[in-house]
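Visitor: A single structure is presented below for examination.
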Amino acid sequence: MSETPDPVATLVALAEVSPPEAEMAALRDGYAAQRAAVRALYAVAEARYEEPALIFSARP
Amino acid sequence: MPDPLTIADAADALRDGSTTSVALTTAAIEAADAGDAGLGVFISRFADQALEAAADADRRIAAGAGTPLTGIPLGIKDIITTAEGPTTAQSVVLDRAWGQGDAPVAARLRAAGAVIVGKTSTMEFAIGTPDPEKPFPIPRNPWDPATWPGGSSSGTGAGVPAGMFLGGLGTDTGGSIRMPAAYCGISGLMPTFGRVPKSGCVPLGYSLDHIGPMARSARDCALMLAVLAGYDASDACAVDEPVPDYAAALDGSLAGVRIGYDRLARVSGALEDPALPGLFDATLAALAAAGAEVVEVELPYYAEMVTADMVTMVAEAFAYHAPDFETRWTDFAAGTRRMLGSALYYSAADYVQAQRVRRVGQKALARLYEDVDLVVTPTAATGAPDLSEVDDLLTPERMATIFTGYWDSVGNPVISVPMGFTAAGLPLGVQLAGRPFEEALVLRGADAYQRRTDWHLRTPAPTSVPATA
Chain A
100 MSETPDPVAT
110 LVALAEVSPP
120 EAEMAALRDG
130 YAAQRAAVRA
140 LYAVAEARYE
150 EPALIFSARP
Chain B
6 MPDPLTIADA
16 ADALRDGSTT
26 SVALTTAAIE
36 AADAGDAGLG
46 VFISRFADQA
56 LEAAADADRR
66 IAAGAGTPLT
76 GIPLGIKDII
86 TTAEGPTTAQ
96 SVVLDRAWGQ
106 GDAPVAARLR
116 AAGAVIVGKT
126 STMEFAIGTP
136 DPEKPFPIPR
146 NPWDPATWPG
156 GSSSGTGAGV
166 PAGMFLGGLG
176 TDTGGSIRMP
186 AAYCGISGLM
196 PTFGRVPKSG
206 CVPLGYSLDH
216 IGPMARSARD
226 CALMLAVLAG
236 YDASDACAVD
246 EPVPDYAAAL
256 DGSLAGVRIG
266 YDRLARVSGA
276 LEDPALPGLF
286 DATLAALAAA
296 GAEVVEVELP
306 YYAEMVTADM
316 VTMVAEAFAY
326 HAPDFETRWT
336 DFAAGTRRML
346 GSALYYSAAD
356 YVQAQRVRRV
366 GQKALARLYE
376 DVDLVVTPTA
386 ATGAPDLSEV
396 DDLLTPERMA
406 TIFTGYWDSV
416 GNPVISVPMG
426 FTAAGLPLGV
436 QLAGRPFEEA
446 LVLRGADAYQ
456 RRTDWHLRTP
466 APTSVPATA
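If you're matching them up, the sequences are chains A and B in order.
Residue numbers for the first sequence follow this note's numbering, beginning at 100 and rising by one.
Residue numbers for the second sequence follow this note's numbering, beginning at 6 and rising by one.
Structure, rendered in C-alpha cells:
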C-alpha cells in the first residue's frame with residue numbers, strides 16, 4: 100500500500116473527528132515516533148506465534 | 006489534620022478510646038475546609054453524610070464490632086461511583102446519569118465501616134493533564150502547591166498528606182496510583198489485574214484498569230486491600246482467587262527473599278534527579294538490612310511493554326469515547342484530546358500485536374521471577390513537575406521519566422512507597438513489584454522497608470498550603 104502524503108489527515112477523517120489545526124500539527128509531529136514504536140512490536144521474535152492477551156467467553 | 010496519621014494507628018486509637026471516628030472525621034473536614042480551595046483535592050464533599058457515618062462507626066466500635074477500616078475517613082476518586090451522587094470523571098462530557106449507586110469497591114468499603122468524606126479530583130477520564138479551561142479544580146501538590154500532585158489519582162494523592170482523609174481509592178492504567186503516590190510522598194498499591202473488581206469505574210483501558218488503595222503506609226494499603234480484594238461477577242476481568250490476610254504477613258523480615266533491582270537510568274537518561282541514585286542505594290541497603298538478598302536485574306522487554314501499555318490504553322479508550330469524539334471534540338480537555346488522539350496512529354492489527362507482545366513480556370517476566378521474588382525500581386526519575394510545565398510530561402522524553410506503565414502491561418502487583426526527597430524538597434518514590442497475586446509479599450517488602458525509614462510519615466508544612474487557589 101502506498102503512503103499517503105498526509106497519513107494523519109487520513110486517519111483523522113477515518114475516525115470522523117475534527118481537531119483544530121494546532122492539534123493536527125501536534126498529531127503530525129508525533130506520528131513518526133509512535134509508528135516507529137509500534138513497528139518495534141512486530142520485531143519481537145517471540146511474538147511470532149504468540150496468542151494475544153484478549154478475553155473472550157462464549158458466556159456473555 | 007487527623008491524629009494519628011495512619012489508618013493502622015487510627016484503628017488502634019479508636020479501639021483504645023483515645024479518639025473517635027467523629028473526631029477523626031471532623032479533623033479531616035477541617036483540613037479540607039482550610040486547604041481544599043488551594044489544593045483542589047475534591048470534586049464533591051459529603052461532610053454531613055460523613056459525620057453521620059462516623060457517629061454510626063463509633064457506635065459499632067463501642068459495641069465491640071467493626072473492622073480496621075470502621076470509622077476511618079477515606080476519599081474516593083471521582084471516576085468510581087458512590088451512592089452520594091453523580092460521578093463526573095472530571096468531564097463535562099460524561100452523562101451524569103451514568104453509574105448510580107455504589108461501585109463494588111465503594112460498597113465493600115462502606116460495609117467495612119469506612120467513612121467516605123468525598124470524591125477526589127483526577128484528570129479528565131483519568132488521562133491527559135489538568136485543564137484550566139474546564140470547570141474543575143486544578144489539583145496541586147501539598148509539598149509545593151506550584152507543582153502537580155501527579156495523576157490521574159491526583160486528589161487522592163494530595164489529600165492524604167494534606168490530612169483531608171487517611172486513605173483513599175485510586176485507579177491505575179499507566180501509573181495513575183503510583184505516580185501521584187510518588188509525587189505526594191505516600192504509598193499506593195496497584196493490585197494484580199483482576200484482584201479488585203473494577204465495575205462501577207469509568208473505563209480508561211478495559212484490559213489495563215486497576216483500582217487500588219492509596220494511604221500513608223504499606224500496612225494501611227494492606228488493611229484496605231483486605232476489604233477491596235475478591236471476586237465480583239460484575240467485572241468480566243475479576244479473578245476468583247482466595248484473599249489472604251495481608252496484614253498478618255507483615256512481619257518486618259525479608260529473610261529468604263531475593264530482590265532484583267533495575268535502576269532504569271538507561272531509560273530516563275539525563276533527566277534523572279541528582280538525588281535519586283543515592284536514595285535508591287539507601288533503599289536497597291534498607292531492604293538488605295531487613296534480610297533480603299539484593300541482586301541487579303534488567304526488566305525484560307521494557308520499551309515494548311511501555312509501548313504496549315500506551316497502544317492498548319488509548320485504543321481501548323478511543324473506542325469508548327468515539328461517539329462523543331465525533332460530536333463533542335472540543336468539550337474534552339486539551340490533554341485528553343492530545344493523549345487519546347494518538348489512538349489514531351494505531352491500526353486494529355497494531356492493537357492485537359500489542360496484546361501478543363504483552364504475553365511475551367509476561368512470560369519473560371515470569372522467567373525473571375524464577376530467580377527473584379520481588380523487583381525494585383524507582384517510580385519516577387524526578388519529583389513532581391511544576392504545574393506550568395505539566396503539559397511537557399506528554400512529550401516522549403518526559404514520559405520516559407515515569408516508570409509505571411510497564412507493570413500495567415504485564416498486570417503484576419506493584420506498590421510505590423516514598424524513598425526520600427529531592428534537593429527542592431519534593432518526594433521521590435520506589436516501586437516493589439511481585440508475581441501475580443502475591444500482593445502479600447509486595448506489601449511485606451514495603452512494610453519491612455517502612456519499619457526502617459520514616460519517609461512515609463513526613464508531613465508537608467501547613468504554611469505551604471495556600472488559603473486560596
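Using N, Cα and C, we set each Cβ at its ideal position, and we do this for glycine too.
Can you give me the start and stop residues for the alpha helix (DSSP H) that Ala-102 of chain B sits inside?
Guide: Element bounds for Ala-102 of chain B: n/a, residue is neither H nor E.
Visitor: Output the residue ranges of the alpha helix (DSSP H) runs that lie fully inside the region 48 to 73 of chain B and measure 4 residues or longer, sorted by chain position.
Guide: 52 to 67
Visitor: Please report the distance separating the alpha-carbon of Leu-228 of chain B from that of Ser-347 of chain B.
Guide: 38 Å
Visitor: Could you check the C-alpha separation between Lys-512 of chain B and Gln-105 of chain B for me, to the nearest Å?
Guide: Any answer about residue 512 of chain B is impossible in this case: the structure gives chain B only from 6 up to 474.
Visitor: Find the residues of chain B that neighbour Ala-108 of chain A, judging by a C-beta separation of less than 7 Å, and give them in chain order.
Guide: Listed by position along chain B, the residues whose Cβ is nearer than 7 Å to that of Ala-108 of chain A form an empty set, because the closest Cβ is around 10 Å away.
Visitor: Taking 8 Å as the threshold (C-beta atoms), are Met-169 of chain B and Ile-182 of chain B in contact?
Guide: no
Visitor: Go ahead and label Ile-12 of chain B buried or exposed: buried means 16 or more other beta carbons lie within 10 angstroms of its beta carbon, across all protein chains shown.
Guide: buried
Visitor: Identify every residue that forms a DSSP beta bridge with Glu-298 of chain B.
Guide: B:Arg-263
Visitor: Please state the DSSP three-state secondary structure of Thr-473 of chain B.
Guide: Confidence at Thr-473 of chain B is low in this model, with a pLDDT of 43, below 50, so its placement is unreliable and no value can be given for it.
Visitor: Secondary structure at Thr-468 of chain B, three-state DSSP: helix, strand or coil?
Guide: With a pLDDT of 49 at Thr-468 of chain B, under the threshold of 50, the modelled position of that residue is not reliable, and no figure is offered here.
Visitor: Could you check how far apart the C-beta atoms of Gly-416 of chain B and Thr-197 of chain B are, in whole angstroms? I think they sit under 8 Å.
Guide: Confirmed, Cβ separation roughly 6 Å.
Visitor: Tell me whether Gln-187 of chain A sits in a helix, a strand or coil according to DSSP, three-state version.
Guide: No information on residue 187 of chain A is available, as it lies outside the stretch 100 to 159 that chain A covers here.
Visitor: Determine whether the Cβ of Ala-472 of chain B lies closer than 8 Å to any Cβ atom of chain A.
Guide: Reliability fails at Ala-472 of chain B, whose pLDDT of 44 lies under 50, so the model's placement of it is uncertain and the value that follows must be treated cautiously. It does not; no Cβ of chain A falls within 8 Å.
Visitor: Pair every Cβ in the region 304 to 312 of chain B with every Cβ in the region 325 to 336 of chain B, then say whether three or more of these pairs are closer than 8 Å.
Guide: no
Visitor: For Ala-338 of chain B, which residues from the same chain have a beta carbon less than 6 Å from its beta carbon, with the 5 sequence-adjacent residues on both sides left out?
Guide: Glu-129, Gly-133, Asp-136 and Lys-139
Visitor: Taking only beta-carbon positions, decide if Arg-127 of chain A is within less than 8 Å of chain B.
Guide: no
Visitor: Taking Cβ positions only, does Ala-241 of chain B come closer than 8 Å to chain A?
Guide: yes
Visitor: For the region 110 to 123 of chain A, which residues have a beta carbon sitting closer than 7 Å to at least one beta carbon of chain B?
Guide: Leu-110, Val-111, Ala-114, Glu-115, Val-116, Ser-117, Pro-118 and Glu-122
Visitor: Suppose only complete runs of 4+ residues qualify. What are the alpha helix (DSSP H) ranges in the region 345 to 418 of chain B, listed by chain order?
Guide: 353 to 373, 401 to 404 and 410 to 415
Visitor: Comparing alpha-carbon positions, which option in B:Val-380, B:Ala-117 and B:Leu-29 lies nearest Leu-437 of chain B?
Guide: B:Val-380
Visitor: Are the C-beta atoms of Ala-146 of chain A and some chain B residue less than 8 Å apart?
Guide: yes
Visitor: Would you mind reading off the limits of the beta strand (DSSP E) that contains Pro-218 of chain B?
Guide: 215 to 220
Visitor: Going along chain B in order, which residues have a C-beta closer than 7 Å to the C-beta of Ala-157 of chain A?
Guide: Correct list: empty, because the minimum Cβ distance to chain B is about 13 Å.
Visitor: Per DSSP, Leu-292 of chain B is paired with what?
Guide: Looking at the DSSP assignment, Leu-292 of chain B forms no beta bridge with any residue, so it has no partner.
Visitor: What distance in whole Å lies between the Cβ atoms of Leu-209 of chain B and Ala-322 of chain B, which are believed to be in contact at a cut-off of 8 Å?
Guide: 5 Å
Visitor: Under 8 Å: do the region 406 to 416 of chain B and the region 159 to 173 of chain B share three or more Cβ pairs, one atom per stretch?
Guide: no
Visitor: Quick one: residues in its chain with C-beta nearer than 6 Å to the C-beta of Asp-397 of chain B, no 5 flanking neighbours on either side, listed in chain order?
Guide: Arg-403
Visitor: Does any residue of chain A have a CB that is nearer than 8 Å to the CB of Thr-72 of chain B?
Guide: no
Visitor: Can you check whether the C-beta of Ala-152 of chain A is within less than 8 Å of a C-beta belonging to chain B?
Guide: yes
Visitor: My assumption, with CB atoms under 8 Å, is that Arg-65 of chain B sits in contact with Thr-75 of chain B. Please give the rounded CB distance.
Guide: 6 Å
Visitor: Give the single residue among B:Gly-283, B:Arg-145 and B:Pro-91 whose Cα lies nearest to the Cα of Pro-390 of chain B.
Guide: B:Arg-145
Visitor: Could you spell out the range, first to last residue, of the alpha helix (DSSP H) harbouring Gln-455 of chain B?
Guide: 444 to 455
Visitor: In the DSSP assignment, the beta strand (DSSP E) including Val-122 of chain B goes from what residue to what residue?
Guide: 120 to 125
Visitor: Mind pulling the chain A residues with CB within less than 7 Å of Trp-412 of chain B?
Guide: Residues of chain A passing the Cβ test: none, with the nearest at roughly 14 Å.
Visitor: For the beta strand (DSSP E) that contains Leu-437 of chain B, what are its first and last residues?
Guide: 432 to 438
Visitor: In chain A, which residues lie with their C-beta within 8 Å of the C-beta of Glu-309 of chain B?
Guide: Per Cβ cutoff of 8 Å: Ala-139, Leu-140 and Val-143.
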